[in-house]
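So the structure is just underneath, and the comments pick up after that.
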Amino acid sequence: MDKQKLEHYRNLLETRRRTLLESVARSEEDGRAAQEVDSAQDVADRASNSYQKEFLFARSNNDRQFVRLVEHALSHIAEGTYGECEQCGSEINERRLEAVPWAQYCLACQERLDRGELEQRPQQD
42 MDKQKLEHYR
52 NLLETRRRTL
62 LESVARSEED
72 GRAAQEVDSA
82 QDVADRASNS
92 YQKEFLFARS
102 NNDRQFVRLV
112 EHALSHIAEG
122 TYGECEQCGS
132 EINERRLEAV
142 PWAQYCLACQ
152 ERLDRGELEQ
162 RPQQD
């Protein structure tokens, strides 16, 4: 992959990482604010507040997982292996990378993984 394309993907990934980290920070801040309000409410309000805290916690965890995927992809750019399937070593299609710049697998391997025919390899970062 040429330097211009790598720089394009690096910019996409860094922008996505910033957005995700901002979302994590907002979710944590909103969760803390919801916890402070918890004591003076009736039962229905506390239940609603509890649901909101759980939702924010789940969203924050999901965003953190995406941050790890994005950082994993950025490490592959630094290593010179970005765009290579981590399963078979073939090149990941550019259309796939445009849609999912943190993709670890080519489409064929991803489909096999989704069907349970392959085991996902643990990240080594």
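The numbering used here applies: residue 42 is where the sequence shown begins, and numbers increase by one. We put the CB at the ideal spot given by N, CA and C, even for glycine.
Cβ pair residue i, residue j closer than 7 Å
i           : j           : result
residue 58  : residue 118 : no
residue 111 : residue 53  : no
residue 137 : residue 148 : yes
residue 107 : residue 61  : yes
residue 94  : residue 72  : yes
Three-way DSSP call (helix, strand, coil) for residue i in this model
i           : result
residue 55  : helix
residue 132 : strand
residue 45  : helix
residue 144 : coil
Those residues which DSSP pairs with residue i across a bridge
i           : result
residue 125 : 132
Residue i: first and last residue of the uninterrupted alpha helix (DSSP H) it sits in
i           : result
residue 86  : 84–120
residue 149 : 148–155
Supposed close pair residue i, residue j - CB separation, criterion 8 Å
i           : j           : result
residue 116 : residue 65  : With 8 Å as the limit, residue 116 and residue 65 do not qualify as a contact, their Cβ atoms being about 19 Å apart.
residue 42  : residue 130 : Incorrect: roughly 14 Å between the Cβ atoms, too far for contact.
residue 133 : residue 144 : 6 Å
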